[in-house]
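Here is the structure we will look at, set down as structure tokens.
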């Protein structure tokens with residue numbers, strides 16, 4: 050049946066604030082803020098703006114890069130989701146800290162009435178201006194994007210897609226507002242803004258305007274992510290970096306008590322053996338190599354690390370564990386690793402009774 054109700058309007062800013070570009074921001078925020086994520090050991094940096102204090106932005110940025118390199122942080126997450134743009138030159142300059150080559154980034158054309166076409170001045174081609182080598186970061190990178198990332202924010206995000214330098218993680222592309230603009234003052238204090246330039250990439254293709262920077266790691270929009278009390282986009286970036294940094298495992302099969310096995314370790318890989326051992330056993334696990342400094346990691350079948358080089362033998366070319374007591378029947382995973390990603394060569398691994 051038809052009903053009539055009297056309704057009273059009230060102020061309800063909560064819905065707007067929830068999805069606002071400034072949600073969670075503070076007036077005390079720096080243009081660049083960074084930290085080390087405690088659970089993942091990855092770096093996390095949020096760039097709020099490219100139209101704040103340029104000198105301050107670069108100084109904080111370079112301090113972060115130095116800290117990442119000094120601590121050998123393997124991965125970095127760059128959060129661009131609350132960045133509305135600013136200086137395109139600053140955006141390109143800050144992106145250059147992740148490259149070793151001066152890639153051409155593109156150009157911007159402006160309509161010429163005489164040509165009846167857009168004119169691209171070759172002197173206006175953008176490229177990276179590389180910092181000193183010690184200020185470059187070569188770890189894995191993930192960039193978080195969303196619809197509130199606009200203009201210079203999009204150029205920075207696009208720059209990190211060159212040579213697949215970074216993963217772009219998000220639920221939606223960036224705003225797709227990557228053109229040079231012109232503001233026109235209208236009567237009664239109104240302003241009208243329009244795109245007056247046509248930016249293109251190094252191949253002369255329109256790459257941002259109307260399209261945006263599209264995620265390469267797509268985070269679903271569903272009930273689980275919508276009502277999550279955490280940050281599903283950030284969680285997806287952490288998962289991506291963890292997977293990207295996981296070394297490739299070469300499974301060399303089982304090894305038994307009393308065995309001594311000679312094998313090869315290839316650069317960037319880990320050699321893995323499976324050891325079935327009974328309760329009460331006392332064993333020595335040793336790995337040695339004349340070609341590289343080895344390490345030995347013991348894991349359970351679920352991938353949990355139980356020990357890492359607890360007892361290193363005096364000879365620097367050998368490592369392992371002695372007098373290791375087995376409390377229950379176990380299946381152990383033994384991984385032979387090198388001291389760095391370039392380690393490679395022949396090695397020997399042995400499983401012996403302690404004192405034998």
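Numbering (the numbering used here), first residue to last: 50 to 405. C-beta atoms are modelled at their ideal positions from N, C-alpha and C, and glycine is treated no differently. Being a predicted model, the structure only gives us computed values, none of them experimental.
If distances are taken between C-alpha atoms only, which option among 316, 313, 190, 273 comes closest to residue 287? Start at 1 with the first residue of the chain shown, and residue 287 comes out as number 238. Looking at the Cα atoms, 190 is the closest of the given residues.
Under 6 angstroms Cβ to Cβ from residue 242, same chain only, skipping five residues before and after it: list those, please. The residue you call residue 242 lines up with position 193 of the chain shown. Counting only Cβ-Cβ distances below 6 angstroms, and skipping sequence neighbours, we find 230, 232.
Reference residue 391; option with closest CA among 319, 125, 275: Position 342 of the chain shown holds residue 391. Taking residue 391 as reference, the option from 319, 125, 275 with the minimal CA-CA separation is 319.
Just to confirm the assignment, what range does the alpha helix (DSSP H) spanning residue 77 have? Here the question's residue 77 lines up with position 28 in the chain shown. Per DSSP, residue 77 belongs to no alpha helix (DSSP H) and is neither H nor E.
Entirely within the segment 65 to 138 and at least 3 residues each: give me those beta strand (DSSP E) ranges in chain order. For the segment 65 to 138, whole beta strand (DSSP E) runs of length 3 or above, ordered along the chain, are 81 to 85, 92 to 96, 124 to 128.
Roughly how many angstroms lie between the CA atoms of residue 207 and residue 51, to the nearest whole one? Locating residue 207 in the chain shown gives position 158, where the first residue counts as 1. Locating residue 51 in the chain shown gives position 2, where the first residue counts as 1. Their Cα atoms are separated by approximately 55 angstroms.
Kindly indicate which three-state DSSP category residue 151 falls into: helix, strand or coil? Along the chain shown, one-based indexing puts residue 151 at 102. In the structure shown, residue 151 sits in coil (DSSP, three-state: anything other than H, G, I, E or B).
Residue 289 (DSSP reduced to helix, strand or coil): Indexing the chain shown from 1 puts residue 289 at position 240. It is helical.
Which runs of the beta strand (DSSP E) at least 3 residues long sit entirely within the segment 190 to 272? Give them in chain order. With a minimum length of 3 residues, the continuous beta strand (DSSP E) runs that stay inside the segment 190 to 272 are 216 to 219, 230 to 234, 240 to 244, 246 to 249.
Since residue 91 and residue 127 are thought to touch, with beta carbons under 8 angstroms apart, how far apart are those beta carbons, to the nearest angstrom? On the chain shown, residue 91 is found 42 positions in, with the first residue counted as 1. On the chain shown, residue 127 is found 78 positions in, with the first residue counted as 1. Residue 91 to residue 127, Cβ: 11 angstroms. No contact.
List the whole-angstrom C-beta distance separating residue 346 from residue 324, where the pair is believed to meet the contact cut-off of C-beta under 8 angstroms. The residue given as residue 346 occupies position 297 in the chain shown. The residue given as residue 324 occupies position 275 in the chain shown. That pair is no contact at about 13 angstroms.
Between which residues of its own chain and residue 199 is the CB-CB distance below 6 angstroms, once the five residues before and five after are set aside? Position 150 of the chain shown holds residue 199. Listed in chain order, the non-local C-beta contacts of residue 199 below 6 angstroms within the same chain comprise 133, 134, 224, 226, local neighbours out to five positions each way being set aside.
Test item: CB-CB of residue 56 and residue 96 under 8 angstroms: Position 7 of the chain shown, counted from the first residue, corresponds to residue 56. Position 47 of the chain shown, counted from the first residue, corresponds to residue 96. For residue 56 and residue 96, no; Cβs fall outside 8 angstroms.
Okay, do the segment 331 to 347 and the segment 370 to 377 touch, 3+ Cβ pairs below 8 angstroms being the bar? The segment 331 to 347, when compared against the segment 370 to 377, does touch it at the 8 angstroms Cβ threshold.
Under 8 angstroms, do residue 268 and residue 398 count as touching if we go by C-beta distance? As a working mapping, residue 268 is identified with position 219 in the chain shown. As a working mapping, residue 398 is identified with position 349 in the chain shown. No, the Cβ-Cβ distance between residue 268 and residue 398 is not below 8 angstroms.
Against chain D, with Cβ distances strictly below 8 angstroms, would residue 209 count as a contact? Among the protein chains of the structure shown there is no chain D, as only one such chain exists.
Let me check one thing: in DSSP terms, what residues is residue 367 bridge-paired to? Translated into the one-based positions of the chain shown, residue 367 becomes position 318. Beta-bridge partners assigned by DSSP to residue 367: 337.
For residue 220 versus residue 321, is the C-beta spacing smaller than 8 angstroms? Indexing the chain shown from 1 puts residue 220 at position 171. Indexing the chain shown from 1 puts residue 321 at position 272. Contact flag unset, no.
So, is residue 87 buried or exposed, given that buried needs 16 or more other C-beta atoms within 10 angstroms? As a first step, residue 87 is located in the chain shown; it is residue number 38 there, counting from the start. That one is exposed.
May I ask which residues mark the beginning and end of the beta strand (DSSP E) holding residue 312? Position 263 of the chain shown, counted from the first residue, corresponds to residue 312. Per DSSP, residue 312 belongs to the beta strand (DSSP E) from 309 to 314.
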